[in-house]
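J.: The structure that follows is given in the form of structure tokens.
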Amino acid sequence: MTERTGVEDLLRELAPQVLGVLVRRYGDLADAEDAVQEALLAAATQWPVPRPPDNPRGWLIAAATHHLMDMWRSDEARRRREDLDAVREVTAPPEVSNEDDSLALLVLCCHPALTPGSAIPLTLRAVGGLTTAEIARAFLVPEATMAQRISRAKQRIKSSGVPFRMPTHSEWGERLRSVLHVLYLIFNEGYAASTGAEVARSDLSGEAIRLTRVLHTSLPDDPEVAGLLALMLLTDARRPARTGPDGELVRLAEQDRTLWDHALIAEGVALISAALPRGAVGDYQLQAAIAAVHDEAATAEQTDWRQILALYGLLERMTGNPMVALNRAVAAAMVDGPDAGLALLGALDGRLAGHHRLDGVRAHLLEMAGDVEGAIAHYRMAAGRTTSLAERRYLTTQAARLARTARDPRVVG
Amino acid sequence: MLLMRSAPIEDVPPIHEWAPEDAKAMGAHMMQIHQELTDRGELLGAEGLTGPEAAKIVTSDGATAPVVTDGPFPEAKEFLVGFWIVDVESEERAIEVAAQTSAAPGPGGRPTRRPIEVRPIMNMSAPDPAL
């Protein structure tokens, strides 16, 4: 997935277009997708280096159609349906642009009937043009397991009978939300990666940004698409400062901000500044606005927490998400002191009971309030509950640092 | 990760004392779970371990030769029998798989109700971009 050549980039750009054409003509995502993969493989081995054929898109459509016909001819049961599809072809919609095909394909792959665990790999393969092996590597699962997931996702779409076309006006809002959610999850899968075996995953963030850029090009006036793209860029900009030399997590407040990617920040800020005034404010725009406030502070001390607190307030009212409420409590502590934050946490004990993030935030606020013993206990509790090794290491270190200061007040952590 | 331990269960004798058809039914049940996990794209790995008779316990101080003893301690009543590593959408699904495994038929087709331990696996990810 790293070090792609020009031909590989071209193939990945063309893959969803070619697949879109085949699905529109023949109406079967599962088979068309297999045929396009065959065509891509053939192109990778047969195209003359360094110059691909003059009409690479036409070459791939012809090759994929040929594979599809081969597959159908070799299957007696399929032959009957081929006749049916020949009929369907006559009534197929008129030629549409490549962009529309790619968009329709993205919407189809992110169908709400699929779980994220199915929609994500299907999207990466069908729209992103990644191979099953690459996707399996990125998600750290065996290739056979990933192949099975993709195949099940395709079968599910087939059996749901969803037609390959753009959703109607009334369906559009819900379908676009599914697409944005899948792209957001792909980004997060990659962004969470830090070291070692997880490095392959970080390419997922790049892939999510690429696909969201394509979507933004198709729908330049949609403020939530712009908001999601801005959120990804503003978050990805901090990646270089996020891990220390030993792969340990560096928290936002302690990051070396000179390492941030300021070109990405400028692009993200411009996107969100243009989207917000359009009025249809959604949660991706609000998250992007919060990320922008963080990114625009030259030092952690200069962070405009008052603005962040107000934005989290809006976001909480819009989503009702308890994790947002947790972040709002941190912002409240930064504006009005730790007791204000701790008071807000009290209301979350029911909804987030046993969640390591609640323990972690409570530990942090107790430490701010000077309750060392309470902070140690909650850091330890959080460390026992998190599933992230990097975070466990961070939380354990915090508890150890406080325990040492508690034993010997002269040593300052 | 789903962990199966060997531990005496009330009313269930050790498997080598079962009737052959009961042992066969149990094996078929486990194969069926394995197949379902494979078909759903959830199975990352599964291993059964040899009995404690073949186990060794290694202790080392990093400087002198390691001390190797037979183990787990022969008198131990409980040891790890095997495990499944699954990647599922939710904790509910992991519990469902564990329940199917626990309900594997024992003597006379009655469910063995062997306890299955469900443990999340740690990962290297940082969970929250705000961190």
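Here the protein sequences line up with chains A and B, keeping their order. So in the numbering used here, the last spot in the first sequence is 1614, and the numbers never skip. So in the numbering used here, the last spot in the second sequence is 180, and the numbers never skip. No residue lacks a Cβ here, since even glycine has one placed at the ideal position from N, Cα and C.
1) Using a beta-carbon distance cut-off of less than 9 Å, what residues from the stretch 88-109 of chain B approach chain A?
2) For A152 of chain B, which three-state DSSP category applies?
3) Check K105 of chain B in the structure and name its three-state DSSP category.
4) How big is the Cα-Cα spacing for L19 of chain B and A1476 of chain A?
5) Using a beta-carbon distance cut-off of less than 7 Å, what residues from the stretch 1299-1318 of chain A approach chain B?
6) Cβ closer than 9 Å: which chain A residues qualify as neighbours of M171 of chain B?
7) Which residue wins for smallest C-alpha separation from G1575 of chain A, given the options A:L1543, A:L1211 and A:A1334?
8) For M172 of chain B, is the classification buried or exposed, using 16 other Cβ atoms within 10 angstroms of its Cβ as the cut-off for buried?
9) Kindly list, in the order they appear in chain B, the residues whose Cβ is closer than 8 Å to that of M1569 of chain A.
10) For a quick check, are the C-beta atoms of P1257 of chain A and L1223 of chain A less than 8 Å apart?
11) Buried or exposed, going by whether 16 or more other CB atoms sit within 10 Å of the CB of S1617 of chain A?
12) Can you give the Cα-Cα distance for W67 of chain B and A77 of chain B, rounded to whole angstroms?
13) Can you name the residues of chain B whose CB is closer than 8 Å to the CB of R1581 of chain A?
14) Just the chain B side, please: which residues come within less than 7 Å of R1552 of chain A by C-beta, in chain order?
15) Can you check whether the CB of L1341 of chain A is closer than 8 Å to the CB of I1387 of chain A?
16) Indicate whether at least one CB of chain B lies closer than 8 Å to the CB of L1212 of chain A.
17) Could you confirm whether any beta carbon from chain B is found closer than 8 Å to the beta carbon of M1519 of chain A?
18) Using a C-beta cutoff of 8 Å, does V1383 of chain A count as contacting chain B?
19) Considering only residues of the same chain and omitting the five flanking positions on each side of V117 of chain B, which have a CB-CB separation below 6 Å?
20) What's the C-alpha gap between V61 of chain B and V167 of chain B?
21) Classify A1454 of chain A as buried or exposed, calling it buried when 16 or more other Cβ atoms lie within 10 Å of its own Cβ.
22) Take L1465 of chain A as the anchor and find which of A:I1410, A:T1606, A:I1262 and A:A1548 has the nearest alpha-carbon.
23) Taking R54 of chain B as part of the beta strand (DSSP E), name the residues at either end of that continuous run.
24) What residue does the beta strand (DSSP E) around G97 of chain B start on, and which one ends it?
25) Would a C-beta distance cut-off of 8 Å place G1469 of chain A and L1435 of chain A closer than the cut-off?
26) Looking at L1430 of chain A and L1472 of chain A, is the spacing between their C-beta atoms short of 8 Å?
27) So with CB distances below 9 Å, who are the chain A contacts of E166 of chain B?
28) Can you give me the Cβ contacts of P115 of chain B inside the same chain, cut-off strictly under 8 Å, excluding the 5 residues immediately before and after it?
29) Looking at F128 of chain B: is its Cβ nearer than 8 Å to the Cβ of P101 of chain B?
30) Give the straight-line distance between the Cα atoms of P1322 of chain A and D1235 of chain A, rounded to the nearest whole angstrom.
31) From this set, A:C1310, A:E1375 and A:V1328, which residue's C-alpha is nearest Q1356 of chain A's C-alpha?
32) Counting only runs of 4+ residues fully inside the stretch 1292-1351 of chain A, write out the alpha helix (DSSP H) ranges in chain order.
33) Taking T1587 of chain A and R1593 of chain A to be in contact with their CB atoms under 8 Å, please state how far apart those CB atoms are, rounded to whole angstroms.
34) Along the chain, where does the beta strand (DSSP E) that runs through I170 of chain B open and close?
35) Please classify P160 of chain B: does DSSP put it in a helix, a strand, or coil?
36) Using only the alpha-carbon positions, how far apart do D1462 of chain A and L1269 of chain A sit?
T.: The answer reads as follows:
1) Only those residues of the stretch 88-109 of chain B whose C-beta falls short of 9 Å from the nearest C-beta of chain A are listed: D88, R89, G90, E91, L92, L93 and G94.
2) Of the three classes helix, strand and coil, the one that applies to A152 of chain B here is coil, per DSSP.
3) Here K105 of chain B sits in strand by DSSP.
4) Residue 19 of chain B is absent from the model: chain B starts at 50 and stops at 180.
5) Hits within the stretch, in order: T1316 and G1318.
6) From the beta-carbon of M171 of chain B, the residues of chain A found nearer than 9 Å are T1587, T1588, S1589, L1590 and R1593.
7) Cα-wise, what sits closest to G1575 of chain A is A:L1543.
8) The sequence as given places Asn at residue 172 of chain B; Met does not occur at that position. The residue in question, N172 of chain B, is buried, as its Cβ has 16 or more Cβ neighbours within 10 Å.
9) Taking the beta carbon of M1569 of chain A as reference, no residue of chain B falls within 8 Å; the closest one sits roughly 17 Å away.
10) Contact: no.
11) Examination of residue 1617 of chain A is not possible in this model, given that chain A is present from 1202 through 1614 alone.
12) Answer to the nearest angstrom: the Cα atoms are 15 Å apart.
13) Against R1581 of chain A, chain B offers no close residue; the least beta-carbon distance is about 16 Å (beta-carbon pairs closer than 8 Å).
14) Chain B residues near R1552 of chain A: none, gap ~17 Å exceeds 7 Å.
15) At least 8 Å separates the beta-carbon of I1387 of chain A from that of L1341 of chain A.
16) Chain B, which has no Cβ nearer than 8 Å to the Cβ of L1212 of chain A, makes this no.
17) Cβ-Cβ to chain B under 8 Å: no for M1519 of chain A.
18) The beta-carbon of V1383 of chain A is placed no less than 8 Å from the nearest beta-carbon of chain B.
19) Same-chain partners within the cutoff: K105 and V107.
20) Taking the CA atoms as reference points, V61 of chain B sits about 22 Å from V167 of chain B.
21) Exposed.
22) Comparing alpha carbon positions, the residue from A:I1410, A:T1606, A:I1262 and A:A1548 closest to L1465 of chain A is A:I1410.
23) Counting along the chain, the beta strand (DSSP E) containing R54 of chain B begins and ends at L51 to S55.
24) Run containing G97 of chain B: L92 to G97, per the beta strand (DSSP E) assignment.
25) Between G1469 of chain A and L1435 of chain A, the C-beta spacing is below 8 Å.
26) Using a Cβ distance threshold of 8 Å, L1472 of chain A and L1430 of chain A count as a contacting pair.
27) Going along chain A, no residue has its Cβ under 9 Å from E166 of chain B, so there is no contact; the nearest lies around 16 Å.
28) Excluding positions up to five away in sequence, the list reads V107, T108 and S109.
29) Cβ atoms of F128 of chain B and P101 of chain B: closer than 8 Å.
30) For P1322 of chain A and D1235 of chain A, the distance between alpha carbons rounds to 14 Å.
31) Ranking the options by Cα distance to Q1356 of chain A, first place goes to A:C1310.
32) As summarised for the stretch 1292-1351 of chain A, the continuous alpha helix (DSSP H) elements at least 4 residues long and confined to that stretch are 1299-1310, 1317-1327 and 1333-1339, given in chain order.
33) Between R1593 of chain A and T1587 of chain A the Cβ distance is about 5 Å, and since that is below 8 Å, they are a contact.
34) No beta strand (DSSP E) holds I170 of chain B; DSSP gives it neither H nor E.
35) In the three-state DSSP reduction, P160 of chain B falls in the strand class (E or B).
36) Cα to Cα, D1462 of chain A sits roughly 45 Å from L1269 of chain A.
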